[in-house]
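4 is the number of the first residue of the sequence shown in this note's numbering; add one for each residue after it. Quick reminder that beta carbons are idealized off the backbone N, C-alpha and C, glycines included.
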Amino acid sequence: MSHFSLPAEPRRFQMYIGGRFTDGASDQLTTRHSPGHGAAVAQWPSGVGEDAEAAIAAAREAFDSGPWPGMSAGERAVVLFKVADRIERRAEELGLIECLETGKPITQAIGEIRGAVDVWRFAAGAARVMKGEAYNNLGERVLAIVLREPIGVVGVITPWNFPFFILAERLPFILAAGCTAIVKPSEATSGSTLKLCELMHEAGVPPGVVNVVTGKGSVVGQRLLDSDRVDMVSVTGSTTTGRKAIEASAANVKKLGLELGGKNPHIVFADADLDDAADGVAFGMAFNAGQCCVGGSRLVVERSIAEAFTEKLAQKMRRIRVGDPLDVQTQVGALFDEAHMHKVLGYVQEGVRMGARIVCGGARTEDRAGYFVQPTLMANVRPGTPLLREEIFGPVLAVVPFDTYEEAIAIANDSEFGLSASIWTKDITKALRATREVEAGRVWVNTTLDNGPETPLGGMKQSGLGREAGLSGIEEYTEVKTAHINLQPRTHWIA
Ligand code: NAD
């Protein structure tokens, strides 16, 4: 692996509309500073409503008249494979952009880019298996067919925590279905999405099929939600933003895909392999500095082992290497920005005021510039404490003991969210029962954060609507049309 360093000056990106790179209608730029160093690392245009409208027009034109929806799935797949190859070749460059803008460790960032290549390739292949149904069992007179058609122009609104990977879980599926897209990346981490435009351009994605407009959610994102010319919007972000999307869709009944927040439990039974469980729980809570929608933030642990397990876990957590995102040894980098860091530490302080005890961590790491927080474990957390109810989005884990299996499931399900859950036990029956009974779109047994493009992702309850990836990742972006075809002379209603 190469040596990575800060750029001498911020990297300058442009938006991508109708197959052209542009600064758009405003002369304002947004500058992103690396949360791990404080240096200015990237700049892109602060897009405005006019830019969103230009992108919508380009995507509409490409869908209504362009070649993309009419091409065979095989032809679309060829282009998508070419994009995947180009991403693979530029993985280190893309990873560096992502590392500098998000504050995550460079090795993790490059790993995510390589993971995204795999998702693009899966979606390219999956394009060719999207199919409808035929009903030949409706009697002699009628044959029915069910067609899947691309839904049309899709808006894609993405967050800052995994900008490139989350886009990979959506965009190639949208393109595989034959749709066209307008992407609105997070205003803080748009670089890798804009770099991807160059790669799509080279790979032969036709003009207007993908457009990227940078700018604020309340300006550009809201315009996508409000527009009658956008057929569907996929929003990945906080539940607050999801609610705004639902409010906007009340006016135009647009289809929404929503991937929102989580407050995910690790349930650790006394019969688990406790060394494995401690390692998995530490990884699940600290990965991406806890800024991971599916990361575990509640430790629901059997009372008989709670104290010993908490100590074992704390020993692991103290050894996590928090530090410079550009250092290949770093396991956990910086939090997203200063305000977010103070918000995370505020939850810890509030927990302490409400009687919780800090087992390890609990503070900023003071030895360097940047927004670094120690992996933090909190015990004696009273029910109702915000630490247990709200998505903190930082490396903070709250412990809740349980006595019976039923109590464990009740505690795990006592949340407005239902995104993911991890179950740790050697008892296969208990594991399967808990898999059934836990309310979460993704369940892990004796592991956590495992992933693969074959399997669908999404949340229950207030964690979202719809599913991404897998074959459902393409179906999500299609309309289903049923046709009844009469095969016999008509028996007249009016004789
Ligand atoms: P956010 O909700 O603040 O922003 C997400 C995106 O929505 C950004 O691009 C933002 O500009 C845009 N946006 C904000 N207001 C908008 C509006 N009024 N109209 C349209 N767009 C608007 O979220 P964030 O802080 O970037 O990311 C963190 C959140 O994302 C966490 O809650 C996390 O759980 C969630 N998330 C969920 C998943 C999942 O798959 N369920 C994955 C990653 C992140």
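- For P268 and K346, the gap between their C-alpha atoms comes out near 21 Å.
- If you compare the alpha carbons of T196, Y138 and T183 with that of A171, the shortest gap goes to T196.
- Checking the 7 Å criterion, the Cβ of F165 is within range of a heavy atom belonging to the ligand NAD.
- Between A413 and M381, the gap from beta carbon to beta carbon reaches 8 Å or more.
- Boundaries of the beta strand (DSSP E) harbouring K187: T183 to K187, taken from the DSSP string.
- G220 sits in a helix when the DSSP states are folded into three classes.
- If you ignore the 5 residues before and after G41, its C-beta comes within less than 7 Å of the C-beta of A372 and G373, all in its own chain and listed in chain order.
- Judged by the Cβ position, T217 fails to qualify as a neighbour of the ligand NAD at the 7 Å threshold, every heavy atom of the ligand being at least this far.
- Proximity of the region 213-220 to the region 45-63 meets the contact definition, three or more beta-carbon pairs being nearer than 8 Å.
- CA-to-CA, the gap between E95 and P10 works out to about 14 Å.
- The three-state secondary structure of G22, taken from DSSP, is coil.
- Here the alpha carbon of H343 sits roughly 19 Å from the alpha carbon of S221.
- Secondary structure remark: continuous beta strand (DSSP E) runs of at least 3 residues inside the region 76-145, in chain order: 136-138.
- Of the residues I323, Q334, I270 and S230, the one whose Cα lies closest to the Cα of E56 is S230.
- Between the C-alpha atoms of F396 and N255 there is a straight-line separation of about 32 Å.
- When T407, A58 and E53 are compared, the shortest CA-CA separation from V271 is found for T407.
- C-alpha of V355 to C-alpha of A401: approximately 11 Å in a straight line.
- Within the model, the alpha-carbon separation for I109 versus V403 is close to 34 Å.
- Under the criterion of beta carbons closer than 8 Å, A411 and F405 qualify as touching, at roughly 4 Å.
- In this structure, the beta-carbon distance from K187 to V132 does not fall below 8 Å.
- Within 10 angstroms of the beta-carbon of D327 lie 16 or more other beta-carbons, which makes it buried.
- Listed in chain order, the non-local C-beta contacts of P175 below 7 Å within the same chain comprise L83, V122, W123, A126 and A127, local neighbours out to five positions each way being set aside.
- For V215, the secondary structure class from DSSP, reduced to helix, strand or coil, is strand.
- Beta bridge pairing from DSSP links W47 with T33.
- Between I426 and G444, the alpha-carbon positions lie close to 14 Å from each other.
- Here W71 carries a helix assignment [DSSP, helix/strand/coil].
- An exposed status is given to D67, since fewer than 16 other beta-carbon atoms sit within 10 Å of its beta-carbon.
- Counting only the Cα atoms, Y138 lies some 43 Å from C295.
- The beta carbons of S300 and V399 sit closer together than 8 Å.
- Taking the Cα positions, S241 is about 15 Å away from S418.
- Using a cutoff of 7 Å, the CB of V238 counts as near the ligand NAD, since one of the ligand's heavy atoms is closer than that.
- Distance from the CA atom of E482 to the CA atom of P162, rounded to whole angstroms, is 26 Å.
- Each of L199, K219 and G22 was checked against the Cα of S29, and the nearest Cα belongs to K219.
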